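> Numbering (this note's numbering), first residue to last: 489 to 798. I have a structure I would like to understand better, so I am pasting it below and will then ask my questions one at a time.
What follows is the structure in structure tokens.
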């Protein structure tokens, strides 16, 4: 089978849920551990406004301090034009992120809650950001609440497909499809990814599926069956939304990297990840946050033989 590309999101999407920011040296050490484990894409930080999201006020310091590996993409999130300008300045200084993500929500309600604007205005922002950073880093589009919105309810798949096509027109290479509140089912994932790839064939889609209700792994396999080869995960299943935001009863969480990698390898699907170094990174993440995280493999241990190669 085609090798799977995983993006380790602990250092950004994971840490955004934490009320107390980690020290910059700890973040740098964790990102270096992800690099050593073989992750080809690592979400390193966000250029969010330092006073609004103080946990990422050290974006430039973190990007300057990490030890980079060839052919690895280190991603930073851009919420607005000022963020894009900061990202370009860091790139000009030689320590910027070589992958930058642009955010859109597939509903008006979540756009107002998360981005404090309208969908139309957010697309204007995205166009301005693309103009600022085009040609300086690989661009990633992110479509949040693609399967359901905590404010508006059901989301029309045609809206998600139109957003993906708009990203493609702007020269975006990867588009992440987010199950932000964890309401997707395997049939819905399989259908949407199939439609996306048929409708917008000139981009690669990334499955960013949350494990809020315990369906994350099943939904990842559904995306894989639909031909998706790029996945976002986070060590220990942390993160999912900002610390100041609460969806439903407050439960959140990405798919745990350790659990998905263990399953894929048992199925004979290659990820390029060194599983021993991955588990070392997993332990470092638990030590950094001072608590046991949600990975089941971190508790039960990895499988030590392959279950099925077909």
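Yeah, the Cβ is synthetic: ideal placement off N, Cα and C, and Gly gets one too. For clarity, every value in this text was computed on a predicted model and none was experimentally measured.
Residues in its own chain within less than 8 Å of residue 699 by CB, not counting five upstream and five downstream?
The answer, listed in chain order, is 670, 705, 725, 741, 742, 743, 744, 782.
> Among 658, 748, 683, whose alpha-carbon lies nearest the alpha-carbon of residue 696?
Nearest option by C-alpha distance: 748.
> Report yes or no: do three or more beta-carbon pairs, one from the segment 583–592 and one from the segment 518–528, lie closer than 8 Å?
Touching, no, given that fewer than three Cβ pairs across the two stretches are closer than 8 Å.
> Tell me which residue opens and which closes the alpha helix (DSSP H) that residue 630 is part of.
First-last for residue 630: 626–632, but that is the beta strand (DSSP E), not the alpha helix (DSSP H).
> Closest to residue 657 by CA distance: which of 597, 689, 503 is it?
The candidate whose alpha carbon is nearest that of residue 657 is 689.
> Excluding five sequence neighbours on each side, which residues of the same chain lie with their C-beta closer than 8 Å to the C-beta of residue 675?
Counting only Cβ-Cβ distances below 8 Å, and skipping sequence neighbours, we find 710.
> Does DSSP put residue 648 in a helix, in a strand, or in coil?
Correct three-state label for residue 648: helix.
> Alpha carbon to alpha carbon, what distance is there between residue 727 and residue 620?
Their Cα atoms are separated by approximately 29 Å.
> Are the beta-carbon atoms of residue 661 and residue 613 separated by less than 9 Å?
Contact flag unset, no.
> Could you tell me which residues DSSP puts in a beta bridge with residue 589?
Paired residue(s): 565, 628.
> Looking at the structure shown, is residue 505 part of a helix, part of a strand, or coil, going by DSSP?
Residue 505 falls in the helix class under three-state DSSP.
> Can you tell which of 654, 665, 574, 607 has its C-alpha closest to the C-alpha of residue 634?
Checked all of 654, 665, 574, 607; the closest Cα to residue 634 is 665.
> Would you check if there are 3 or more beta carbon pairs closer than 8 Å linking the segment 494–508 to the segment 524–539?
Yes, the segment 494–508 touches the segment 524–539.
> In terms of alpha-carbon separation, which member of 756, 779, 774, 790 lies closest to residue 763?
Here the closest residue by C-alpha is 790.
> Excluding five sequence neighbours on each side, which residues of the same chain lie with their C-beta closer than 6 Å to the C-beta of residue 799?
For the chain, the structure presents residues 489 to 798; residue 799 sits outside this window and is missing.
> Do residue 592 and residue 629 have their beta-carbon atoms positioned less than 9 Å apart in this structure?
Yes, these two residues count as a Cβ contact at 9 Å.
> Do residue 492 and residue 691 have their C-beta atoms closer together than 9 Å?
Contact: no.
> Can you round the beta-carbon distance between residue 624 and residue 574 to whole angstroms, since I take them to be within the 8 Å contact cut?
Between residue 574 and residue 624 the Cβ distance is about 12 Å, and since that is not below 8 Å, they are no contact.
> Going by C-alpha to C-alpha distance, which of 779, 513, 648 sits closest to residue 594?
The shortest C-alpha separation from residue 594 is found at 648.
> Are residue 534 and residue 564 touching if we call contact CB-CB under 9 Å?
In contact: residue 534 and residue 564 (Cβ atoms closer than 9 Å).
> Sorted by chain position, which residues of the same chain lie with C-beta nearer than 6 Å to residue 680's C-beta, five sequence neighbours on each side aside?
Hits under 6 Å: 645.
> Enumerated in chain order, which unbroken segments of the alpha helix (DSSP H) with a length of 4 residues or greater are wholly contained in the segment 514–573?
Qualifying alpha helix (DSSP H) stretches, in chain order: 547–553.
> Return the Cβ separation of residue 494 and residue 761 in integer angstroms, given the expectation that the two are a contact with Cβ distance under 8 Å.
That pair is a contact at about 7 Å.
> Spatial neighbours of residue 567 within its chain, please: CB distance less than 6 Å, with the 5 preceding and 5 following residues excluded, ordered by chain position.
So the list reads 536, once near-sequence residues are dropped.
> Which of helix, strand or coil does DSSP assign to residue 491?
Of the three classes helix, strand and coil, the one that applies to residue 491 here is coil, per DSSP.
> For the alpha helix (DSSP H) containing residue 749, list its first residue and its last residue.
From DSSP, the alpha helix (DSSP H) with residue 749 extends over 745–754.
> Could you tell me whether the Cβ atoms of residue 590 and residue 655 are closer together than 9 Å?
For residue 590 and residue 655, yes; Cβs fall inside 9 Å.
> Let me check one thing: in DSSP terms, what residues is residue 496 bridge-paired to?
For residue 496, which the question treats as bridged, DSSP gives the partners 530, 721.
> For the candidate residues 542, 701, 549, 496, whose alpha-carbon lies nearest to that of residue 516?
Of the listed residues, the one whose Cα sits closest to residue 516 is 549.
> Count the other C-beta atoms from every protein chain shown that fall within 10 angstroms of the C-beta of residue 759, then say buried if there are 16 or more, exposed otherwise.
With 16 or more Cβ atoms within 10 Å of its Cβ, residue 759 is classed as buried.
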